[in-house]
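Visitor:
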Amino acid sequence: MKKLFVLGVAALLIVAFTVPAMAKVKLGGIIFTDVYYMTRDKENMAGGVAKGSTTNEDDWSATEIQVPKITRFKARWTNEHNVGMYIEFGLGDDTYGESGNADASLRHAYGWWDASPSFRIMAGHSTTPFSPLTPTQIVGEFSEGGLHIIGAGYGEFYSGRFPQLRFVFKFGDMGKLGIALVDPQKGTDAAPAAEPGTTADNDSTIPRIDVGLD
784 MKKLFVLGVA ALLIVAFTVP AMAKVKLGGI IFTDVYYMTR DKENMAGGVA
834 KGSTTNEDDW SATEIQVPKI TRFKARWTNE HNVGMYIEFG LGDDTYGESG
884 NADASLRHAY GWWDASPSFR IMAGHSTTPF SPLTPTQIVG EFSEGGLHII
934 GAGYGEFYSG RFPQLRFVFK FGDMGKLGIA LVDPQKGTDA APAAEPGTTA
984 DNDSTIPRID VGLD
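In this note's numbering, the protein residues as written are 784 to 997.
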């Protein structure tokens with residue numbers, strides 16, 4: 784039995800050194816836990832009044848221990864150095880259930896194909912090439928109305944993530960140009976209401992185009 788096992792291991796080693804390079808999978812993630820103490824005088828709260836005035840409002844303070852929504856789990860798959868896939872989930876949300884469990888949300892899910900050393904096609908859900916030009920910082924996500932504190936949600940610098948079809952042109956060390964066709968229905972208001980007694984139908988929409996240099 785031992786001899787058979789040794790022969791099996793040897794066969795596996797021979798296969799490992801003779802077959803072409805196979806797909807690679809990388810798993811990773813990062814966990815954030817925010818611990819902080821907040822206190823606000825009633826004069827500085829929404830609807831606050833001058834000190835000494837009669838009011839039903841009072842000072843507010845709280846100790847927070849929370850997992851912000853920038854906590855994440857990610858996986859990356861590549862094959863032959865020109866085809867790949869990436870998926871990332873965010874763990875944590877603005878609200879918690881009675882059990883104290885946070886929600887999971889999709890952050891990125893896309894695949895790409897390097898058609899040539901200077902041209903890539905990417906399709907899926909992610910930020911756009913224009914996102915770095917319109918940064919926003921979301922802080923105080925767990926607070927009512929957002930108190931703009933350095934706590935839960937700190938580090939969110941993305942303008943948004945959208946379903947898209949992206950074309951990337953690489954210019955060597957000079958950088959690269961990204962052009963994305965973005966789903967125009969995401970992050971927009973509802974269509975105008977139809978006239979009374981009629982119905983409306985959105986038959987076609989021109990995709991939004993986001994362009995950026997890197």
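Virtual Cβ for every residue (Gly too), placed ideally from N, Cα, C.
Would you grab the beta carbon distance between arginine 890 and glycine 873 for me? Rounded to a whole angstrom, and I think it's under 8 Å.
Guide: Between glycine 873 and arginine 890 the Cβ distance is about 5 Å, and since that is below 8 Å, they are a contact.
Visitor: Just tell me which of Pro900, Thr846, Met957 and Phe856 has its CA closest to the CA of asparagine 865.
Guide: The option with the nearest alpha carbon to asparagine 865 is Pro900.
Visitor: Between the C-alpha atoms of proline 990 and proline 967, what's the straight-line distance to the nearest angstrom?
Guide: One C-alpha to the other measures close to 5 Å.
Visitor: How many Å lie between threonine 816 and methionine 905 at the Cα?
Guide: Computed Cα separation, rounded: 33 Å.
Visitor: Where does the unbroken beta strand (DSSP E) through phenylalanine 815 begin, and where does it stop?
Guide: Phenylalanine 815 -> no beta strand (DSSP E), and no H or E assigned at all.
Visitor: Would you kindly work out how many angstroms separate the C-alpha atoms of tryptophan 843 and leucine 960, rounded to a whole number?
Guide: Going by the C-alpha atoms only, they are around 49 Å apart.
Visitor: What is the C-beta distance between alanine 806 and threonine 861, in whole angstroms, given that I count them as a contact (C-beta under 8 Å)?
Guide: Indeed, because the Cβ distance is near 7 Å, the residues count as touching under 8 Å.
Visitor: Within 10 angstroms of the Cβ of glutamate 871, are there 16 or more other Cβ atoms? Answer buried if so, exposed if not.
Guide: Buried, because 16 or more other Cβ atoms sit within 10 Å of the Cβ of glutamate 871.
Visitor: Considering only residues of the same chain and omitting the five flanking positions on each side of aspartate 997, which have a CB-CB separation below 6 Å?
Guide: Within the same chain, aspartate 997 has close Cβ partners Gly958 and Lys959.
Visitor: Taking the beta carbon of alanine 845 as the centre, do at least 16 other beta carbons fall within 10 Å, making it buried, or is it exposed?
Guide: It is exposed - the Cβ of alanine 845 has fewer than 16 other Cβ atoms within 10 Å.
Visitor: Let me know the secondary structure DSSP gives glycine 907 once reduced to three states.
Guide: Three-state DSSP puts glycine 907 in a strand.
Visitor: Using a 10 Å radius around the Cβ and a threshold of 16 neighbouring Cβ atoms, would you call isoleucine 848 buried or exposed?
Guide: Exposed: under 16 other Cβ atoms inside 10 Å.
Visitor: If you draw a straight line from the alpha carbon of valine 951 to that of aspartate 824, how long is it in whole angstroms?
Guide: Approximately 51 Å between the Cα atoms of the pair.
Visitor: Do you know offhand how far phenylalanine 856's Cα is from isoleucine 814's?
Guide: Cα-Cα distance, rounded: 9 Å.
Visitor: Could you check what DSSP says for serine 901 in three-state terms: helix, strand or coil?
Guide: Of the three classes helix, strand and coil, the one that applies to serine 901 here is coil, per DSSP.
Visitor: Which residues in the same chain have their Cβ closer than 8 Å to the Cβ of leucine 964, if we skip the five residues on either side of it in sequence?
Guide: Answer for leucine 964: Gln947, Leu948, Arg949, Pro990, Arg991 and Ile992, listed in chain order.
Visitor: Pick helix, strand or coil for aspartate 886, following the three-state DSSP scheme.
Guide: Here aspartate 886 sits in coil by DSSP.
Visitor: Would you kindly work out how many angstroms separate the C-alpha atoms of isoleucine 853 and arginine 944, rounded to a whole number?
Guide: Computed Cα separation, rounded: 14 Å.
Visitor: What residue does the beta strand (DSSP E) around alanine 858 start on, and which one ends it?
Guide: That run of the beta strand (DSSP E) goes 854 to 862.
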